[in-house]
Amino acid sequence: MKDPYSIIKKPIITEKSTLLKEAQNKVLFQVATHANKKEIKQAIEKLFGVTVLGVNTLKVRGKVKGLRMRKGKRPDWKKAFVTLKEGDKIEFFEGV
Numbered sequence: 002m003k004d005p006y007s008i009i010k011k012p013i014i015t016e017k018s019t020l021l022k023e024a025q026n027k028v029l030f031q032v033a034t035h036a037n038k039k040e041i042k043q044a045i046e047k048l049f050g051v052t053v054l055g056v057n058t059l060k061v062r063g064k065v066k067g068l069r070m071r072k073g074k075r076p077d078w079k080k081a082f083v084t085l086k087e088g089d090k091i092e093f094f095e096g097v
């Protein structure tokens, strides 16, 4: 298995992800584009000590942006929806 810190880049904390966390016990992460579902599951379980029931992934295309005469593109990235076992939690910044 690869290093879990190279697979999991950062949590995604938005209004939608907060609602998913409360309603369906799902947590969102930005992950490496080369990572598959098994590697993501193992990395989450090792880093946070929780039981993962399922992983859904989604590739997000980078937006094309322009400034005057130049065109640029933001990088593509991968998003993982991780479903946790009932009763397990991953606390990012609770009580702040």
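Quick note: the sequence shown uses our numbering, first residue 2, plus one each step.
We put the CB at the ideal spot given by N, CA and C, even for glycine.
Small disclaimer: the values here were computed from a predicted structure and weren't measured.
{"Item": "Best match in R71, F82, A81 and V28 for proximity to I89 [C-alpha to C-alpha]", "Value": "Here the sequence assigns Asp to residue 89, which means Ile is not the residue at that position. Taking only the C-alpha atoms, the option nearest D89 is V28."}
{"Item": "With 16 other Cβ atoms within 10 Å as the buried cut-off, status of L68", "Value": "exposed"}
{"Item": "Residues near E40 by beta carbon distance below 6 angstroms, same chain, minus five either side", "Value": "I8"}
{"Item": "Member of K38, V51, K72 and L54 whose CA lies at the smallest distance from the CA of K60", "Value": "K38"}
{"Item": "Distance CB(V56)-CB(A81) smaller than 8 angstroms", "Value": "yes"}
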